[in-house]
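A.B. asks: Sequence positions in the sequence shown follow the numbering used here and run 11 to 161. Glycine is no exception: its CB is placed at the ideal position from the N, C-alpha and C atoms. Computed from a predicted model, the values in this text were never measured in an experiment. Provided herewith is a single structure, encoded as structure tokens, for subsequent inquiry.
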Amino acid sequence: MTDLRIALYQPDIPGNTGTILRLVACLGLGVDIIEPAGFDISDRNLKRAGMDYLASVTLTRHVNWNQFETWRQSAGRRLVLASTRAAERYTDFTYRPDDILLFGRESAGVPDNVHDAADARVIIPMVAGQRSINVAMSAAMIAGEALRQVS
Numbered sequence: 011m012t013d014l015r016i017a018l019y020q021p022d023i024p025g026n027t028g029t030i031l032r033l034v035a036c037l038g039l040g041v042d043i044i045e046p047a048g049f050d051i052s053d054r055n056l057k058r059a060g061m062d063y064l065a066s067v068t069l070t071r072h073v074n075w076n077q078f079e080t081w082r083q084s085a086g087r088r089l090v091l092a093s094t095r096a097a098e099r100y101t102d103f104t105y106r107p108d109d110i111l112l113f114g115r116e117s118a119g120v121p122d123n124v125h126d127a128a129d130a131r132v133i134i135p136m137v138a139g140q141r142s143i144n145v146a147m148s149a150a151m152i153a154g155e156a157l158r159q160v161s
């Protein structure tokens, strides 16, 4: 059994968040939203973005990075950041069943202090000249690989 979680750092786009909520509901993962978000993340708006899947989601909202980081450290969980600045391919990394997979803002990724706080950083290799893969697609790819390894 896995206790794998996906964490979203200050998400910008409600549709991407909704897609990730649907993903975690279907895969049985937990999700953390680290505020502030770039949109209203009231329960009503989350229900609209996550459709009827929201009732199946184990969701924890954190009012800011410091609150999330305090919670994570007290839980003793490893933080794995998806980053275009990482060197290790996501398929070469060895995941643990209780990892937290962190994804940054669609518009800006994560700030340096968050990048530095990660225990590991992984990258999805892309062809030269491309900026990034959609965050929901990235979450699906990396969560899929992590689940393949730990299940």
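Which residue or residues does DSSP assign as beta-bridge partners of LEU4?
C.D. replies: As shown, the chain starts at 11 and ends at 161. That puts residue 4 outside it, with no answer to give.
A.B. asks: Give the straight-line distance between the Cα atoms of VAL67 and LEU14, rounded to the nearest whole angstrom.
C.D. replies: The residue given as residue 67 occupies position 57 in the sequence shown. The residue given as residue 14 occupies position 4 in the sequence shown. The straight-line gap from Cα to Cα measures roughly 13 Å.
A.B. asks: Counting C-beta neighbours from all protein chains within 10 Å, is the total for ARG158 16 or more, i.e. buried, or is it exposed?
C.D. replies: Here residue 158 is taken as the residue at index 148 of the sequence shown, counted from 1. ARG158 comes out exposed.
A.B. asks: From the DSSP output, in three-state form, read off LEU69 for me.
C.D. replies: Sequence index remark: in the sequence shown, residue 69 carries index 59 (1-based). If DSSP states are grouped into helix, strand and coil, LEU69 belongs with the strands.
A.B. asks: Inspect the beta-carbon positions of ILE43 and PRO21 and report whether they are closer than 8 Å.
C.D. replies: Here residue 43 refers to the residue found at position 33 of the sequence shown. Here residue 21 refers to the residue found at position 11 of the sequence shown. The answer is yes: Cβ separation under 8 Å.
A.B. asks: Do you know whose CA, among GLN77, GLU98, ASP129, ASN144, lies nearest GLY114's CA?
C.D. replies: Taking the sequence shown and counting its residues from 1, the one referred to as residue 114 is at position 104. When only C-alpha atoms are compared, the closest one is ASN144.
A.B. asks: Taking only runs of the alpha helix (DSSP H) that begin and end inside the stretch 58-127, which ones reach a length of at least 4 residues, in chain order?
C.D. replies: Counting only runs of 4+ residues, the alpha helix (DSSP H) found wholly inside the stretch 58-127 occupies 75-85, 122-127, in chain order.
A.B. asks: Compare the beta carbon distance of ALA150 and LEU33 with 8 Å and say whether it is the shorter of the two.
C.D. replies: For the purposes of this step, residue 150 is taken as residue 140 along the sequence shown, with counting starting at 1. For the purposes of this step, residue 33 is taken as residue 23 along the sequence shown, with counting starting at 1. Result yes, Cβ atoms of ALA150 and LEU33 sit closer than 8 Å.
A.B. asks: From ALA47, GLY38, PHE103, ARG99, pick the residue whose C-alpha is nearest to that of ASN74; which is it?
C.D. replies: Taking the sequence shown and counting its residues from 1, the one referred to as residue 74 is at position 64. Per the Cα distances, ALA47.
A.B. asks: Rounded to whole angstroms, how far is the Cβ of ILE133 from the Cβ of GLU98, which I believe are closer than 8 Å?
C.D. replies: In the sequence shown, the residue the question calls residue 133 occupies position 123. In the sequence shown, the residue the question calls residue 98 occupies position 88. Sure, about 7 Å apart at Cβ, within 8 Å.
A.B. asks: Measuring alpha carbon to alpha carbon, tell me which of ALA153, TYR100, ARG95, ARG106 ends up nearest GLY86.
C.D. replies: As a first step, residue 86 is located in the sequence shown; it is residue number 76 there, counting from the start. In this structure, ARG106 is the residue among ALA153, TYR100, ARG95, ARG106 with its C-alpha nearest to the C-alpha of GLY86.
A.B. asks: Does DSSP classify ALA138 as helix, strand or coil?
C.D. replies: Locating residue 138 in the sequence shown gives position 128, where the first residue counts as 1. Coil, per DSSP.
A.B. asks: Could you check the C-alpha separation between ALA118 and SER161 for me, to the nearest Å?
C.D. replies: Here residue 118 refers to the residue found at position 108 when the sequence shown is read from its first residue. Here residue 161 refers to the residue found at position 151 when the sequence shown is read from its first residue. One Cα belongs to ALA118, the other to SER161, and the distance between them is close to 32 Å.
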